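Working notes, beginning with the structure itself.
Chains as they are written, first to last, in the numbering used here: chain A, 3 to 344; chain B, 42 to 208; chain C, 31 to 409.
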């Protein structure tokens, strides 16, 4: 066990681990999505490659890798090639901060939350550059949509997170989870004595997460019936494949963040069995529960309208999240004020 | 509001009188055929329409206006190539949204110079039908802003529904 | 909440010059439902001008009609609108019967009504799924195809074709309706009623769908009239125009049915009209099943069919609106002229005027609510 303590080995191990986790998740979430869609649409979904379609992601990967990466004439070749890399990097960086268990975390930072959010917001840049470098009118419209959508949803998301920060008093993700130990009623989601609107903040966070990751019903960036394939219209082969995988990697990041912040991370819901591998099990259970919800929503609802999407953010979510912020502040300070006067 | 068949017949017959007294001189020179409006009520069960109106090419706009005032909608415009008579017939179909009435207006133009005014000013929907008729028959609708090939390939110079068309 | 009509493009101050670009939507575009091409002049996401360019699947059916006998042209008519082939063959058969004064047995007329209405439901099912697909809802189309499959099976057992039916013949039918079909249709009616209710609960009352369609793409009754738009488009504008009532044909006068109309004139109104029409069709089918008499299914038709000189029209209410056949005969065995007036052609012609100033996704939602079938436009 001792060589695990050596820092370079640790870094290498976690680098490989995170890359493998993201890669496997991205590949198999595509399969899960297709299987889930099939289930919802009362058809089997992919079931030819391997047992029950288990090898379908491998087949897809080989197909995409075997394709030539086309750089259409007239595009900004450098940015066009760089965008897929840039879109994949932020979720990889963010996942390094996520504690899978009390002892399994790639890098332990005391400002982990800040780190995750600062890298998380780079994602939009990659989509914008990809769309802009393509010199395709559909892609440019999509880029403009991505930017305005992400700016609009970053604000309520951060307001919600600030509310949470006031409750927890720390940016250390592991510490946030430690505070939620001891059973389901200790999770931030149910801490209604701190702020009666805590479940509402979770819903806001989840909606913003859907919008940030460009998932249905907010998939304005890749609105295939309007913009063909949005920012990725000109991409083919693995260039498209990376964009596609990054979408799922972002979902994994978003859902693990929601798990950590609201659902107690690796804490057990019953109060016991929450250390070590048990913790990782609980974490993954919650994570995939949320991811299933995301898939479920996509195959159930039609796409929203762009202006109602922005309306939702600026006129509903931001006022509510501001109100919860104020309410939390007031409820935290009220006892202090009370004790001072009485 | 819905017109009766008798009222419509009167309206269309009124076109003859209007054309006999030309309001402004030059318009008359457009029409080479005698200006006589023949209005005929037909049995719907046998023909599929109620009123058969034959007008001169110069009167189609006036006839369309009569139909428009009576609340008709544009159904279709098409042509028939009468090779034997060396004439082409343009058939305007009108349907009525609120009363069970159908009116057919026909105008005959000489085969050598098939030309008649557009009714796009009255029924904007006629534009597409006129373009289609121009495609198929080569009938020119003066005033139609967009008489380029529509259903045919964009470089088409032929008119396939002419009876002497050889592919 | 502000509606889309209150929005103006950003950065437009006073008389500043407009910067527009041309977006070529189609002929290969996921929302084009085939090979429709729309040349959009856009100001950001706002459409300034939308010019539909058609003819990519033009087959010149009208010329084909001029060089084959009346009977041989019949299969052509079912290829015009592949989704409601029964109505189209009905119109052509009806026109020839009207011109030649052929008597059609009552049993055949009832069978025509039953199959026509089944075809209307299957066509509306495809429209429903495709519209939801345009709006980004992927699941309903598979449910719709599930139900449509049952109709296709029924009609396949009857006439051998699943899509391009050629079941009607001059003077009657190709084949008698058997008991299995009648029973299957009855079962299907019982099956679809609860399904339609489920669709209403799951999809029609979905808030996102309502928001995306309500108030979008208003098409007024006057616009419909001036462009000749018919079918659910004009009924969605509050005008109860239905060829089954306006120009009664077959045994429709003997059947009791409502014409669903909505006066909002927006995409949602057109949506609701079609959803209600499916239920009305079920109602018509039920009555026709109860009333269908026994007897011959094919009337007396001369061996060599020569139509009297003159022109004859016959219109039917197809799934997309008024479909009219105008046949001109010069007394020979071969038509002198066949004119096919298709509903989608007229319904699309108003698109340029109606889509002005709309935002792109709304314009596509409106296009979906028009229910276009491209071969029907191009013929």
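Each residue gets a CB set at the ideal place from its N, CA and C atoms; glycine is no exception.
Keep in mind the model is a prediction, meaning the values are calculated, not measured.
Checklist entry - So with Cβ pairs under 8 Å, would you call residue 308 of chain A a contact of chain C? => result Interface with chain C (8 Å Cβ-Cβ cutoff): residue 308 of chain A is included.
Checklist entry - What number of angstroms, rounded off, separates the C-alpha of residue 169 of chain B from the C-alpha of residue 111 of chain B? => result Each residue's Cα considered, the two are about 22 Å apart.
Checklist entry - So, helix, strand or coil for residue 291 of chain C, using DSSP? => result Of the three classes helix, strand and coil, the one that applies to residue 291 of chain C here is coil, per DSSP.
Checklist entry - Count the other CB atoms within 10 Å of the CB of residue 51 of chain C; is the residue buried (16 or more) or exposed (fewer)? => result The Cβ neighbour count for residue 51 of chain C, taken over all protein chains shown within 10 Å, is under 16; the residue is labelled exposed.
Next on the checklist: Does chain C have any CB closer than 8 Å to the CB of residue 53 of chain B?
Outcome noted: So, not an interface residue.
Item to check | Neighbouring residues, chain A, relative to residue 241 of chain C (Cβ below 9 Å) | outcome: Those within 9 Å of residue 241 of chain C in chain A are 306, 307, 310.
Next on the checklist: Looking only at its chain, what residues have a beta carbon closer than 6 Å to the beta carbon of residue 251 of chain A, apart from the 5 residues adjacent to it on each side?
Outcome noted: 24, 28, 93.
Item to check | Span separating the alpha-carbon of residue 340 of chain A from that of residue 199 of chain A | outcome: Computed Cα separation, rounded: 22 Å.
Checklist entry - Three-state secondary structure (DSSP) at residue 151 of chain B? => result In this structure, residue 151 of chain B counts as strand in the three-state DSSP scheme.
Item to check | Amino acids of chain C, ordered along the chain, whose beta-carbon sits closer than 8 Å to that of residue 134 of chain A | outcome: Per Cβ cutoff of 8 Å: no residues; residue 134 of chain A is ~14 Å from chain C at best.
Checklist entry - Got a sec, what are the start and stop residues for the beta strand (DSSP E) residue 71 of chain C sits in? => result Per DSSP, the continuous beta strand (DSSP E) segment holding residue 71 of chain C begins and ends at 67 to 73.
Item to check | Rounded Cβ spacing between residue 228 of chain A and residue 155 of chain A (contact assumed at less than 8 Å) | outcome: Actually they do not touch by this definition, with Cβ atoms about 20 Å apart.
Next on the checklist: Please identify the residue among C:156, C:244, C:139, C:252 whose C-alpha is closest to the C-alpha of residue 280 of chain C.
Outcome noted: If we check each option's Cα against that of residue 280 of chain C, C:139 comes out closest.
Checklist entry - How would you list, in chain order, the residues of chain B whose beta-carbon sits under 8 Å from the beta-carbon of residue 277 of chain C? => result The contacting residues are 85, 89, 141, 143.
Item to check | Proximity to residue 152 of chain A [Cα-Cα], best of A:46, A:138, A:123 | outcome: Measuring from the Cα of residue 152 of chain A, the nearest candidate turns out to be A:123.
Checklist entry - Taking only beta-carbon atoms, is residue 227 of chain A less than 8 Å away from chain C? => result Look at residue 227 of chain A: its C-beta is under 8 Å from a C-beta on chain C.
Checklist entry - When you compare only the Cα positions, how much space is there between residue 157 of chain C and residue 306 of chain C? => result A straight-line Cα-Cα distance of about 14 Å links residue 157 of chain C and residue 306 of chain C.
Item to check | Contacts around residue 390 of chain C, its chain only, beta-carbon distance under 6 Å, and the 5 residues preceding and following it disregarded | outcome: The residues are 75.
Checklist entry - Any residues in the stretch 169 to 191 of chain C with a beta carbon nearer than 9 Å to a beta carbon of chain A? Which ones, in chain order? => result Along the stretch 169 to 191 of chain C, going in chain order, the ones with a CB nearer than 9 Å to a CB of chain A are 169, 170, 171, 172, 173, 176.
Checklist entry - What residue ranges within the stretch 147 to 226 of chain C form continuous alpha helix (DSSP H) runs of no fewer than 4 residues, ordered along the chain? => result With a minimum length of 4 residues, the continuous alpha helix (DSSP H) runs that stay inside the stretch 147 to 226 of chain C are 170 to 189.
Checklist entry - Could one say the Cβ of residue 158 of chain B lies closer than 8 Å to chain C's Cβ atoms, at least one of them? => result For residue 158 of chain B, the answer is no, since every Cβ of chain C falls outside 8 Å of its Cβ.
Checklist entry - If the cut is a Cβ gap below 8 Å, which residues of chain A does residue 394 of chain C touch? => result Here the neighbours are 227, 228.
Checklist entry - When you compare each of A:83, A:133, A:171 to residue 239 of chain A by their alpha carbons, which one comes out closest? => result Selected option, being the one with the closest Cα: A:83.
Checklist entry - Taking 8 Å as the CB-CB cut-off, is residue 29 of chain A touching chain C? => result Output row for residue 29 of chain A: interface = no.
Checklist entry - Taking three-plus beta-carbon pairs below 8 Å as touching, is the stretch 352 to 370 of chain C in contact with the stretch 276 to 290 of chain A? => result Contact annotation: the stretch 352 to 370 of chain C does not touch the stretch 276 to 290 of chain A, with fewer than three C-beta pairs closer than 8 Å.
Item to check | Interface residues of chain A facing residue 75 of chain C [CB-CB closer than 7 Å] | outcome: Within 7 Å Cβ-Cβ: 143.
Checklist entry - Using DSSP with H/G/I as helix, E/B as strand and the rest coil, what is residue 25 of chain A? => result Under the three-state reduction of DSSP, residue 25 of chain A is assigned to helix.
Checklist entry - Three-state secondary structure (DSSP) at residue 235 of chain A? => result Here residue 235 of chain A carries a coil assignment [DSSP, helix/strand/coil].
Checklist entry - Name the DSSP beta bridge partners of residue 76 of chain C, please? => result BP columns for residue 76 of chain C point to C:73, C:389.
Checklist entry - What is the DSSP secondary structure of residue 84 of chain C, counted as helix, strand or coil? => result Correct three-state label for residue 84 of chain C: coil.
Item to check | Segment limits, beta strand (DSSP E) that includes residue 246 of chain C | outcome: Per DSSP, residue 246 of chain C lies in no beta strand (DSSP E) and is assigned neither H nor E.
Next on the checklist: For the stretch 115 to 129 of chain B, list every residue whose C-beta sits within 7 Å of some C-beta in chain C, in sequence order.
Outcome noted: Within the stretch 115 to 129 of chain B, the residues whose Cβ lies closer than 7 Å to some Cβ of chain C are 115, 116, 117, 119, 121, listed in chain order.
Item to check | Chain-ordered neighbours of residue 166 of chain B on chain C, where CB pairs are closer than 8 Å | outcome: Per Cβ cutoff of 8 Å: 256, 257, 258, 259, 376, 379, 380.
Next on the checklist: Cutting at 8 Å between CB atoms, please list the residues of its own chain near residue 207 of chain A, excluding the five before and the five after it.
Outcome noted: For residue 207 of chain A, where only same-chain residues beyond five positions count, the Cβ hits under 8 Å are 159, 162, 163, 260, 263, 264.
Next on the checklist: Using 8 Å for Cβ pairs, my map puts residue 184 of chain C next to residue 148 of chain C. What's the rounded Cβ distance?
Outcome noted: Contact holds; Cβ gap of about 7 Å.
Item to check | Contacts around residue 374 of chain C, its chain only, beta-carbon distance under 6 Å, and the 5 residues preceding and following it disregarded | outcome: Cβ within range, chain order: 350, 402, 403, 406, 407.
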